[in-house]
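Chemist: I'd like to ask some things about the structure below.
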Amino acid sequence: MMSLPPNGLLPKTYGVTGPISINGPTCPEGFSTTVLMDELKARCTFESPEDARAREFVLGRLNLLVKEFVIKVSPALGMSDHVARETGGNIFTFGQFKPKPYIMS
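In case it helps, the numbering used here puts the sequence shown at residues 8 to 112.
Here you go:
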């Protein structure tokens, strides 16, 4: 049986099943997190705001190129200009699409 947090309210559930635990981290887990974060910061593994903006700019430009490509090749596939523009095109990033972790706020 799941224990309730101190306020007595269940947190919002994401997905099909509930969380394994709604308890906060233990003292050793908190310490391990602090040690890990310190090491990651010391190795400069976090993405700077400038790097984030550059990555977002490149991904935005790439997305525009994909849309332009779809519009350009669609007539060769027998689509009207209207259908080609409505079809569009998108890129979806997933996995490790950049080599550094996000900045922790």
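Even for Gly, the Cβ is constructed at its ideal location relative to N, Cα and C.
Please confirm whether Asn30 and Asn70 have their CB atoms less than 8 Å apart.
Modeler: Against a cut-off of 8 Å, the Cβ pair of Asn70 and Asn30 comes out as no contact.
Chemist: For a test of the three-state rule: what should DSSP assign to Phe38, helix, strand or coil?
Modeler: Helix at Phe38.
Chemist: Check the C-beta distance from Thr100 over to Leu66 and give it rounded, since I have them as a contact under 8 Å.
Modeler: Yes, they are in contact, since the Cβ atoms of Thr100 and Leu66 sit about 7 Å apart, within 8 Å.
Chemist: At which residues does the alpha helix (DSSP H) containing Phe64 begin and terminate?
Modeler: Unbroken alpha helix (DSSP H) run through Phe64: Pro56 to Val80.
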